[in-house]
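Trainee: For reference, the structure I am asking about is given below.
Printed below as a string of structure tokens:
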């Protein structure tokens with residue numbers, strides 16, 4: 001059965017991503033194994049996914065249902081096939097950039113797979129075990145703080161945290177209270193400085209705007225360049241020029257690694273290693289895949305052109321297909337064997353659902 005095979009590891013579907021999708025449709029739309037949420041949706045789809053959705057490309061047949069996750073009860077999202085064995089890690093919120101937060105349930109089998117995926121590049125980046133981590137990140141209702149704690153533990157290090165409330169920063173900026181927003185950011189930097197100046201920190205995980213603010217302090221810049229071996233950035237966009245400046249002048253000699261994370265993909269996509277013109281993010285297929293489309297026609301744009309990002313999450317624990325994200329990217333070919341597109345030079349859209357997008361610090 002797909003459920004037992006899927007729990008065995010990322011390669012459980014072999015090299016056939018489309019067969020994985022077909023197995024997922026059987027799981028999520030069988031009354032014995034699917035979630036109450038998707039079984040209820042099935043009546044309004046106008047097609048039977050077990051018959052029509054035969055490939056990764058066919059995921060575009062689904063409507064975008066993520067707005068329903070602002071109100072749905074988490075109990076409705078757990079597939080019945082788990083029975084009493086579902087190991088619920090937690091209920092986590094989106095950042096709330098485009099309105100009221102959306103919520104998803106993380107089950108342990110998916111969480112462990114995602115952690116393994118996030119760990120994979122670190123050895124290739126030359127990051128040793130035993131380093132302590134500093135995460136200047138959202139915690140509380142956001143999954144990223146939980147993720148990074150498990151990654152640090154797997155790498156045999158302590159995680160020090162500074163809690164970031166992205167919703168408060170956006171609210172201040174939207175109401176024109178830029179001085180208050182700046183004071184809050186300085187508050188985060190001050191808390192971070194106490195840790196950096198008193199503890200042995202080898203890895204920093206934060207957003208590009210906060211990374212830039214840390215670098216303004218000469219004492220912090222000096223100790224970061226002396227002790228830190230990896231800077232992992234996520235949560236906000238980083239343009240190519242600033243990325244190059246960070247790598248070559250501000251933090252020379254420190255591995256700089258990005259993660260394109262989203263609650264609606266229930267994890268993160270790693271930055272492609274090696275020199276590329278722009279930061280490029282590769283999917284984690286067949287579980288997390290991307291398309292870059294024209295926002296009007298929803299057809300794929302040519303390679304090398306900018307379009308809006310569509311994300312798909314397909315796992316045993318959750319199905320979230322065909323979500324038009326608030327991000328744009330240049331469409332680039334995926335790595336060999338990887339379904340979908342890869343994303344270069346990510347940037348936020350200006351408007352989403354007729355509302356301005358305020359990125360803030362996350």
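Numbering (full-length UniProt numbering), first residue to last: 1 to 362.
Quick reminder that beta carbons are idealized off the backbone N, C-alpha and C, glycines included.
The structure presented is a predicted model; accordingly, all values stated were derived computationally and were not measured.
1) May I ask you to report which of helix, strand or coil DSSP gives residue 134?
2) Use the C-beta contact count for residue 271: other C-beta atoms within 10 angstroms, 16 or more gives buried, fewer gives exposed.
3) Determine contact between the region 101-121 and the region 77-92, defined as no fewer than three beta-carbon pairs at a distance below 8 Å.
4) With 16 other CB atoms within 10 Å as the buried threshold, where does residue 69 fall?
5) Is the number of C-beta pairs between the region 117-128 and the region 321-340 that are closer than 8 Å three or more?
6) Quick check on residue 313: does DSSP put it in helix, strand or coil?
7) Just verifying my parser: in three-state terms, what is the DSSP assignment at residue 161?
8) How many angstroms separate the CA atom of residue 371 from the CA atom of residue 263?
9) Any idea which residues DSSP pairs residue 376 with across the strands?
10) Is it a yes or a no for the region 189-203 touching the region 220-230, going by three-plus beta-carbon pairs under 8 Å?
11) Taking only three categories from DSSP, how would you classify residue 264?
12) Could you tell me if residue 194 is buried or exposed, where buried requires 16 or more neighbouring beta carbons within 10 angstroms of its beta carbon?
13) If I follow the unbroken alpha helix (DSSP H) through residue 52, where does it start and stop?
14) Taking only beta-carbon positions, decide if residue 345 is within less than 7 Å of chain B.
15) Tell me which same chain residues have a C-beta within less than 7 Å of the C-beta of residue 213, skipping the five on either side of it?
16) Check for me: the beta strand (DSSP E) holding residue 288 runs from which residue to which?
17) Could you check the C-alpha separation between residue 33 and residue 27 for me, to the nearest Å?
18) Excluding five sequence neighbours on each side, which residues of the same chain lie with their C-beta closer than 7 Å to the C-beta of residue 286?
19) Measure the alpha-carbon distance for residue 316 versus residue 110 and round it to whole angstroms.
20) Cβ of residue 40 within 7 Å of Cβ of residue 29?
21) Assess contact between the region 320-332 and the region 49-67, defined as three or more Cβ pairs (one per stretch) separated by less than 8 Å. Is contact present?
22) Taking DSSP's pairing of strands, which residues face residue 247 in a bridge?
23) Given a threshold of 16 other Cβ atoms within 10 Å of its Cβ, counted over all protein chains shown, does residue 363 qualify as buried or as exposed?
24) Between 269, 136, 292, 239, which has its C-alpha nearest residue 373's C-alpha?
25) Can you give me the C-alpha to C-alpha distance between residue 298 and residue 290, rounded to a whole angstrom?
26) Taking residue 280 as the reference, which of 265, 260, 296 has the closest Cα?
27) What did DSSP end up calling residue 384 once you bin it into helix, strand or coil?
28) Hey, which unbroken runs of the alpha helix (DSSP H) at 4 residues or more fall wholly within the region 18-71?
29) Candidates 162, 132, 138: which alpha carbon is nearest residue 152's?
30) Go ahead and pull the three-state DSSP assignment for residue 318.
31) Please name the residue or residues paired with residue 342 in a DSSP beta bridge.
32) Just to confirm, are residue 284 and residue 146 a CB contact at a threshold of 7 Å?
33) Once you ignore the five residues that flank residue 240 on each side, which residues in its own chain have a CB closer than 8 Å to its CB?
34) Are the beta-carbon atoms of residue 223 and residue 196 separated by less than 7 Å?
35) What did DSSP end up calling residue 82 once you bin it into helix, strand or coil?
36) So is residue 296 buried or exposed if we call it buried at 16+ other beta carbons inside 10 Å?
Mentor: Reading it off the structure:
1) Judged by DSSP in its simplified three-state form, residue 134 adopts strand.
2) With 16 or more other Cβ atoms within 10 Å, it is buried.
3) Verdict: yes, contact present.
4) When all chains shown are included, residue 69 counts as buried.
5) No, they do not touch.
6) Three-state DSSP puts residue 313 in a strand.
7) Strand.
8) For the chain, the structure presents residues 1 to 362; residue 371 sits outside this window and is missing.
9) Only positions 1 to 362 of the chain appear in this structure, which leaves residue 376 out of reach.
10) With a cut-off of 8 Å, the region 220-230 and the region 189-203 count as touching, because enough Cβ pairs lie within range.
11) The three-state reading of DSSP puts residue 264 in helix, counting H, G and I together.
12) Classification of residue 194: exposed, given that the 10 Å Cβ count is below 16.
13) Unbroken alpha helix (DSSP H) run through residue 52: 49-52.
14) Here chain B cannot be found, since the structure has a single protein chain.
15) Annotation for residue 213: 185, 189 place their beta carbon closer than 7 Å to its own, counting only its chain and skipping 5 residues before and after.
16) That run of the beta strand (DSSP E) goes 288-293.
17) So the alpha carbons of these two residues sit roughly 6 Å apart.
18) The residues are 13, 17, 20, 21, 56, 314, 339.
19) Each residue's Cα considered, the two are about 8 Å apart.
20) It is not a contact, given that the beta carbons lie outside the stated cut-off.
21) In the pairwise beta carbon analysis, the region 320-332 is classified as touching the region 49-67: at least three pairs are separated by under 8 Å.
22) Beta-bridge pairing links residue 247 to no other residue.
23) Examination of residue 363 is not possible in this model, given that the chain is present from 1 through 362 alone.
24) Not covered by the structure: residue 373. The range shown for the chain is 1 to 362.
25) Taking the straight line from one Cα to the other gives about 13 Å.
26) Of the listed residues, the one whose Cα sits closest to residue 280 is 260.
27) As shown, the chain starts at 1 and ends at 362. That puts residue 384 outside it, with no answer to give.
28) Along the region 18-71, the alpha helix (DSSP H) occurs as fully enclosed runs of 4 or more residues at 36-45, 49-52, listed in sequence order.
29) Minimum Cα distance to residue 152 is reached at 132.
30) Three-state result, residue 318: coil.
31) Note: residue 342 sits in a beta bridge opposite 332.
32) No, the Cβ-Cβ distance between residue 284 and residue 146 is not below 7 Å.
33) Excluding sequence neighbours, residue 240 sits near 277, 278, 279, 345.
34) Between residue 223 and residue 196, the C-beta spacing is below 7 Å.
35) Assignment of residue 82 by DSSP, reduced to helix, strand and coil, places it in the helix class.
36) Answer is exposed; the Cβ neighbour count stays below 16.
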